[in-house]
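Colleague: Below you will find the structure I want to go over with you.
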Amino acid sequence: MEEEEKAGPPNKDLYALLHISPEASDEEIRKAYRQWAQVYHPDKYQSPQMKDIATENFQRICEAYEILTDENKRQIYDIYGMEGLTSGLELGPKLNKADEIKEELERLRKRKEQEKTSAHFRPSGTILANMSLPHFLKGVGIMRGMAMTSEVQSQISKSNTVGIGGNLAVTGNAGGGAASAVFRHQFSSVSSVEFMASAGLRSLIGMQASRHLTLHSTATMGISMSLKDGSLNLSNAWTRQLSETTNGNIQLILGPESSVAVGWQKKEEKRSVAGEVKFSTSSFGASAHYTHRFSSKSHGRIAGKVGSTMLELELGGGRKLSKFSTVRMLYSIGIQGIFWKFELHRGGQKLIIPILISRHLNPVFAAGAFLFPTSAYFLLKKFIVKPYYQRREKQKALENMQKTSAQVREARTAAEKAQQLLQNVANRKRNRQSEIGGLVITKAIYGSQKALKKRDELSVPNDESSLSVIDVTLPLNFLVNDSGQLKLHDGVKKSGIMGFCDPCPGEPKQLYVEYTYGDKTFEVVVDDYEELLIPRPSQQV
């Protein structure tokens with residue numbers, strides 16, 4: 001869960017604290033500072049306790065104002081947050097302009113990324129284990145053959161990358177293998193060249209060059225020569241972005257086995273689809289696949305192939321086990337028979353196990369081969385897998401809560417203190433809006449996304465869900481402006497707002513708001529970085 005949190009937009013706590021947009025001008029920052037200073041200036045309070053609370057929050061406001069009104073500090077904060085300001089990063093005395101600082105920071109960031117990339121190899125590989133149920137039932141063993149491919153790439157300099165790989169295949173009593181090496185040089189951001197060589201069953205040497213012709217199109221040309229018979233292969237490929245989500249490509253190969261292929265790919269947030277038509281001197285074929293993402297962890301897939309030598313339909317789905325691991329099960333039926341296929345993907349490594357169920361296309365057997373694993377999957381998911389992950393997530397959440405309990409208690413105390421000083425003004429604003437039938441926040445809860453789905457149960461004191469949320473009704477009533485509107489800016493994490501805190505570090509958070517406007521009651525739920533604007537234009541009279 002922490003990875004998800006870190007993957008989001010950068011925290012803009014200082015902007016949230018002053019209740020301004022990340023694009024706010026200097027004048028808007030000064031205006032916000034004066035407004036908050038009127039509330040939290042220590043001289044406004046006589047009680048020692050209230051004065052201490054005011055002093056603590058006034059210092060936070062002053063710090064935010066000092067950073068955001070300093071052009072250089074604001075640039076650093078916008079890119080790296082408070083860590084960039086407190087890390088002692090030395091930019092040099094000649095970097096006086098904001099653009100120069102931003103450019104230098106970006107250069108340092110890219111250099112660190114390149115160093116990190118260069119320090120690690122990027123391995124990838126596939127293990128394919130072909131199995132046969134008919135062979136096993138005949139007593140001749142279950143394995144039909146195996147194949148392995150492996151490659152390791154390393155960026156040896158800013159412009160140069162080398163790769164070494166090999167493959168091995170065994171079928172029955174026959175087998176073979178090959179070793180390959182690739183050197184890639186990047187001339188610029190738009191052009192590169194690759195030199196390759198392989199030895200083994202397919203010994204060859206070759207090269208290919210790529211170039212971005214325009215912002216949306218790329219061309220690749222290559223030539224290779226077989227060291228076995230001296231034959232040449234010429235290849236040309238063109239790729240073009242047809243829309244924001246769609247790419248098209250054409251590939252032409254001239255040689256002993258000439259072919260032309262036309263394909264396209266469309267990828268959206270929830271679904272992806274691709275297709276290809278290929279003609280060669282000895283055959284033709286077409287293929288297509290469609291993938292739908294049901295959630296961030298699971299997806300379904302349907303694919304088909306048709307041609308002079310193939311006819312196949314494939315159905316299945318997969319589930320993400322962790323950040324780096326995905327498991328997939330597929331069912332295919334075609335002229336080669338009925339297959340189950342199991343796949344495990346982890347990082348750049350793949351384990352693929354196709355199991356031949358039957359060579360005969362018996363309808364009853366084909367239906368059973370599809371329904372059996374499908375039923376088994378849903379039963380396992382419902383009674384074993386899902387309960388296991390629920391227990392694991394609950395345990396992780398509990399461990400995270402215990403680890404951060406002291407930090408959360410301290411943050412809650414600070415938020416409650418900040419709310420004390422907002423109370424008088426917030427009540428006056430609420431009463432005024434109530435009199436004129438304007439915007440009144442009747443209930444507002446900020447915290448765990450999961451807990452907010454069960455918000456009707458949050459009234460139970462000391463309930464586990466209640467500990468992962470905070471009541472922010474008062475600060476939101478305070479933030480209602482004189483025009484009777486409330487706006488929380490887009491891209492700003494809400495835990496930084498005065499009177500808020502983060503009650504569940506590392507977990508996805510939302511804000512639930514119940515409010516009245518006129519004689520009507522409304523509800524709205526927004527994500528942590530999402531803009532909130534109420535009442536909506538359609539609700540205003």
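Each residue of the sequence shown is one higher than the one before, starting from 1 at the first, in full-length UniProt numbering. Note that the Cβ used here is the ideal one computed from N, Cα and C, for glycine as well. Bear in mind that the values here come from a model prediction, so they are computed numbers and not experimental data.
(1) Mind checking PRO93: buried by the 16 CB within 10 Å criterion, or exposed?
(2) Hey, could you find the ends of the beta strand (DSSP E) LEU351 is sitting in?
(3) How big is the Cα-Cα spacing for GLY139 and GLU343?
(4) Do the region 236-243 and the region 207-221 make contact, defined as three or more Cβ pairs closer than 8 Å?
(5) Since ASN236 sits in a beta bridge, which residues does DSSP pair it with?
(6) Please report the distance separating the alpha-carbon of VAL524 from that of ILE53.
(7) Buried or exposed: where does ALA16 fall if 16 or more other Cβ atoms within 10 Å of its Cβ makes it buried?
(8) Does the distance from the CB of LEU533 to the CB of PHE478 come in under 8 Å?
(9) How far does the alpha helix (DSSP H) with HIS135 in it reach, from first residue to last?
(10) Considering only their Cβ atoms, is the gap separating GLY166 from SER180 smaller than 8 Å?
(11) With a threshold of 6 Å on Cβ separation, who are the neighbours of VAL277 within its own chain once the five nearest residues in sequence on each side are excluded?
(12) Do TYR65 and TYR33 have their beta-carbon atoms positioned less than 8 Å apart in this structure?
(13) For the beta strand (DSSP E) that contains GLU257, what are its first and last residues?
(14) Would you mind working out which of MET196, LYS520, GLY318 and ALA303 sits nearest ILE164, comparing C-alpha positions?
(15) From the DSSP secondary-structure annotation, give me the bridge partner or partners of VAL262.
(16) How about THR149 and ILE352: are their beta carbons less than 8 Å apart?
(17) Using alpha carbons as the reference points, say which of ARG271, PHE500, MET221 and LEU254 lies closest to LYS417.
(18) Can you give the beta carbon distance from THR469 to LEU439, rounded, assuming they're within the 8 Å contact cut?
(19) Of all the options PHE339, ILE355, ARG392 and LEU467, which has the alpha carbon lying nearest to the alpha carbon of PRO503?
(20) What number of angstroms, rounded off, separates the C-alpha of SER483 from the C-alpha of GLY437?
(21) Nearest-angstrom Cα distance between GLU531 and GLN251?
(22) Does the Cβ of PRO537 have 16 or more other Cβ atoms within 10 Å, making it buried, or fewer, making it exposed?
(23) Measure the C-alpha to C-alpha separation of residue 614 and MET146 and round it to an integer number of angstroms.
(24) Does GLY318 pass the burial test, meaning 16 or more other C-beta atoms within 10 Å, or should it be called exposed?
(25) Determine the contact status of SER358 and GLY334, defining contact as a CB-CB distance below 8 Å.
(26) If you follow the beta strand (DSSP E) that PHE183 is part of, which residue opens it and which one closes it?
(27) With distances taken between CB atoms, is the gap from LYS323 to LEU330 smaller than 8 Å?
(28) Considering only residues of the region 417-469, which uninterrupted alpha helix (DSSP H) runs meet the minimum length of 4 residues and lie entirely inside it, listed in chain order?
(29) Flag this pair as touching only if the region 222-241 and the region 190-210 have three or more C-beta atom pairs under 8 Å; answer yes or no.
(30) Residues bridged to THR214 by DSSP?
(31) Would you mind reading off the limits of the beta strand (DSSP E) that contains GLN510?
(32) Let me know if ASP70 comes out buried or exposed under the rule of 16 or more other beta-carbons within 10 Å of its beta-carbon.
(33) Classify PHE339 as helix, strand or coil using the three-state DSSP reduction.
(34) Name the two residues that bound the continuous alpha helix (DSSP H) containing ASN57.
(35) What residues in its chain sit with their C-beta under 8 Å from that of GLY304, if we drop five residues either side in the sequence?
(36) What separation, rounded to the nearest whole angstrom, lies between the Cα atoms of LEU371 and VAL190?
Modeller: By the coordinates alone:
(1) Confidence at PRO93 is low in this model, with a pLDDT of 46, below 50, so the placement of that residue is unreliable and no value is reported for it.
(2) 349-358
(3) 26 Å
(4) yes
(5) MET221 and LEU252
(6) 32 Å
(7) buried
(8) no
(9) It spans 133-137 - the alpha helix (DSSP H) in which HIS135 sits, taken as one unbroken run.
(10) yes
(11) Result list for VAL277: VAL262 and ALA286, in chain order.
(12) yes
(13) From DSSP, GLU257 is part of no beta strand (DSSP E); its letter is neither H nor E.
(14) MET196
(15) ILE250 and VAL277
(16) no
(17) PHE500
(18) Residue identity check: residue 469 is Val in the sequence provided, not Thr. Incorrect: roughly 22 Å between the Cβ atoms, too far for contact.
(19) LEU467
(20) About 12 Å.
(21) C-alpha separation (whole angstroms): 46 Å.
(22) exposed
(23) Outside the modelled stretch of the chain, which goes from 1 to 541, sits residue 614, for which no answer is possible.
(24) buried
(25) no
(26) 174-186
(27) With respect to LEU330, LYS323 sits apart: the two C-beta atoms are not nearer than 8 Å.
(28) Fully enclosed alpha helix (DSSP H) runs of 4 or longer: 449-453.
(29) yes
(30) SER217
(31) 509-517
(32) exposed
(33) strand
(34) 48-68
(35) Only SER287, ALA288, HIS289, GLU312, LEU313 and GLU314 meet the Cβ criterion.
(36) 50 Å
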